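In the numbering used here, the protein residues as written are 3 to 507.
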């Protein structure tokens with residue numbers, strides 16, 4: 003048994019932070035060596051009392067060796083294995099309100115740091131959920147999956163949005179989310195990306211594109227290209243103009259090729275890539291994209307001056323390609339009633355969002371201002387459009403036509419209410435002018451709302467009566483009471499007499 007105690011000392015000592023994990027270790031150790039009977043607290047009938055007492059004391063010693071000094075001092079008075087485990091469970095596994103609140107706060111404040119290990123983060127998450135389970139708080143599989151997704155850093159927004167929008171009405175499964183997160187970490191590590199790096203959405207045009215647009219979007223992707231080149235240290239970059247390595251196209255001193263295939267890069271953050279792939283956009287909603295090279299839309303019906311043709315492909319971050327099948331202009335109706343004309347809008351049927359390219363607006367001489375969760379597009383001091391930030395996107399929501407359909411009613415009282423409680427005279431005037439074709443006559447009932455809302459106090463009419471000439475010829479009297487409070491003499495009523503001639507009381 004001394005040898006067993008020495009081996010048990012190799013178990014990670016319990017310091018009060020993770021009781022469930024320590025209990026799992028010690029129970030597995032004792033069951034593996036057939037020393038688990040004292041944990042049950044009941045002596046087998048076939049075992050003598052002396053043998054049971056010795057076994058229980060030996061197992062008690064093994065368990066004590068796995069406790070830290072601060073924990074062991076709390077259970078030094080426990081003399082049996084069962085009492086020791088019961089005391090530890092009461093201190094560190096007690097389902098009290100304070101303990102539950104502490105664990106819940108710990109769970110919901112759990113946030114994975116940038117560039118941290120996903121496996122380590124998941125281990126910490128599972129530790130907390132296991133502790134909650136030990137205090138009788140269990141989460142179903144979907145809730146666990148949602149909490150894990152919410153705990154990811156902002157640089158994982160793309161994957162979070164893609165997963166959230168791709169499931170539809172199906173419930174998320176924790177094991178699936180765990181596997182996706184681990185696979186994404188491996189992909190990022192192999193690609194040499196940091197947690198905050200973005201992924202590229204490449205647009206390559208060919209065929210009937212205009213040469214003057216060949217460099218469009220270059221300035222917008224400049225910073226992103228620089229960041230990608232830094233993150234891929236040791237790799238040789240290749241010039242898209244001359245084909246040589248060691249410099250970018252913007253640094254190339256060779257003459258520009260005029261007949262080459264037109265190309266442009268639209269660099270978007272991962273959250274935008276995910277939205278493009280996974281979210282269907284309403285017809286009238288447009289997203290301002292600082293990385294897209296061109297204005298794009300999946301809706302053919304809103305494009306004017308449409309020119310069909312092969313205008314290239316859009317290569318998404320997952321390697322899939324979308325065809326650009328047309329080009330034209332789009333008029334966007336804004337909430338203030340004005341119309342904003344977007345020119346050279348690419349038609350991409352399989353795209354999920356209407357995109358407004360900030361780079362294309364800049365090339366056309368527009369000024370774009372983003373401040374305080376709002377955006378504004380101006381040109382020569384004229385405000386063309388404005389909008390607000392929705393979640394992480396700068397969007398413009400256009401007014402939608404709404405048609406209210408109702409059966410014609412011949413109820414006079416209903417039309418009276420519809421017309422703002424119009425008077426009977428006013429309704430008869432509208433009827434005579436043919437403005438109420440549904441009504442044949444005005445059969446007006448009493449409207450309680452009109453009576454309560456339009457009535458007013460009317461003073462009593464003056465009679466023009468002259469005062470009596472003789473005193474006491476006419477006396478006015480009035481009896482008042484009962485009073486809620488009695489007078490000093492105990493009276494609750496009083497009576498007045500007023501002479502009509504002298505007006506004396």
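Using N, Cα and C, we set each Cβ at its ideal position, and we do this for glycine too.
The structure presented is a predicted model; accordingly, all values stated were derived computationally and were not measured.
Report the CB separation of residue 305 from residue 332 in whole angstroms; it is logged as a contact under 8 Å.
The Cβ separation is near 6 Å, so the contact holds.
Look up residue 387 in the DSSP assignment and say whether it is helix, strand or coil.
In the structure shown, residue 387 sits in a strand (DSSP, three-state: E or B).
Could you give the uninterrupted runs of the alpha helix (DSSP H) lying entirely in the segment 63–90, keeping only those of 4 residues or more?
The segment 63–90 contains these whole alpha helix (DSSP H) runs: 71–74.
Excluding the 5 residues preceding and the 5 following residue 390 in the sequence, name in chain order all residues of the same chain whose CB lies nearer than 7 Å to its CB.
Counting only Cβ-Cβ distances below 7 Å, and skipping sequence neighbours, we find 375 and 376.
Does residue 428 come out as helix, strand or coil in the three-state DSSP assignment?
Helix, per DSSP.
Does the Cβ of residue 157 have 16 or more other Cβ atoms within 10 Å, making it buried, or fewer, making it exposed?
Classified as buried, residue 157 has 16 or more neighbouring CB atoms from the shown chains inside 10 Å of its CB.
Buried or exposed (CB count within 10 angstroms, at least 16 for buried), residue 1
The structure shown does not extend to residue 1, since the chain is modelled only from 3 through 507, so no value can be given for it.
Where does residue 262 sit, in a helix, a strand or coil, going by DSSP?
Low confidence applies to residue 262: its pLDDT is 41, below 50, so where it sits in the model is not reliable enough to give any reading.
Please classify residue 177 as buried or exposed, where buried requires at least 16 neighbouring CB atoms within 10 angstroms.
Exposed is the call here.
Taking the alpha carbon of residue 114 as the reference point, which residue from 107, 123 and 108 has its own alpha carbon closest?
It is 123.
State yes or no: is the C-beta of residue 503 within less than 7 Å of the C-beta of residue 469?
Yes, Cβ-Cβ distance for residue 503 and residue 469 is below 7 Å.
Helix, strand or coil: which one does DSSP assign to residue 175?
Residue 175 carries a coil assignment under DSSP once its states are collapsed to helix, strand and coil.
At least 3 beta-carbon pairs within less than 8 Å: the segment 66–85 vs the segment 103–117
At 8 Å Cβ cutoff, the stretches do not touch.
Segment limits, beta strand (DSSP E) that includes residue 291
For residue 291, the enclosing beta strand (DSSP E) has its first and last residue at 287–291.
Rounded straight-line distance, which links the Cα of residue 296 to that of residue 361
Rounded to the nearest whole angstrom, the CA to CA distance from residue 361 to residue 296 is 8 Å.
Would DSSP call residue 57 helix, strand or coil?
Residue state, collapsed to three classes: helix.
Closest to residue 120 by C-alpha separation, out of 133, 13 and 154, would be which residue?
Answer by Cα proximity: 154.
Taking buried to mean at least 16 other C-beta atoms within 10 Å of its own C-beta, is residue 47 buried or exposed?
Residue 47 is exposed by the Cβ-count criterion.
Taking the CB atoms as reference points, tell me whether residue 108 and residue 130 lie closer together than 7 Å.
With respect to residue 130, residue 108 sits close: the two C-beta atoms are nearer than 7 Å.
Any chain D beta carbon closer than 7 Å to residue 68:
The question asks about chain D, but that chain is absent: this structure has only one protein chain.
Would you mind reading off the limits of the alpha helix (DSSP H) that contains residue 27?
Element bounds for residue 27: 21–34.
One question on the structure: do residue 103 and residue 83 come within less than 7 Å of each other, judged by their Cβ atoms?
No, Cβ-Cβ distance for residue 103 and residue 83 is not below 7 Å.
Rank 484, 506 and 507 by C-alpha distance to the C-alpha of residue 496 and give the top, closest one.
For the residues 484, 506 and 507, the minimum Cα distance to residue 496 belongs to 484.
Rounded distance between the beta-carbons of residue 316 and residue 350, thought under 8 Å:
Indeed they touch by this definition, with Cβ atoms about 6 Å apart.
So, is residue 478 buried or exposed, given that buried needs 16 or more other C-beta atoms within 10 angstroms?
Looking at its Cβ environment, which holds fewer than 16 other Cβ atoms inside 10 Å, residue 478 is exposed.
Strictly by DSSP, which residues pair up with residue 501?
DSSP output for residue 501 lists 477 as bridge partner(s).
For residue 186, which residues from the same chain have a beta carbon less than 6 Å from its beta carbon, with the 5 sequence-adjacent residues on both sides left out?
Short of 6 Å from the beta carbon of residue 186, and not among the five residues preceding or following it, lie these beta carbons of its own chain, in chain order: 161.
Helix or strand or just coil, what does DSSP make of residue 111?
In the structure shown, residue 111 sits in coil (DSSP, three-state: anything other than H, G, I, E or B).
For the alpha helix (DSSP H) holding residue 417, just list the boundary residues, first then last.
Bounds of the alpha helix (DSSP H) holding residue 417 are 414–420.
Along the chain, where does the beta strand (DSSP E) containing residue 130 start, and where does it finish?
Where residue 130 is concerned, there is no enclosing beta strand (DSSP E), although the alpha helix (DSSP H) it sits in stretches over 120–136.
Is the distance from the Cβ of residue 290 to the Cβ of residue 342 below 7 Å?
No. Outside cutoff.
Return the chain-ordered list of same chain residues with a C-beta closer than 7 Å to the C-beta of residue 16, the five sequence neighbours on each side being excluded.
Around residue 16: 24, 68, 69, 70 and 73.
Distance CB(residue 444)-CB(residue 458) smaller than 7 Å
No.
In this structure, does DSSP put residue 359 in helix, strand or coil?
DSSP places residue 359 in strand when its eight states are reduced to three.
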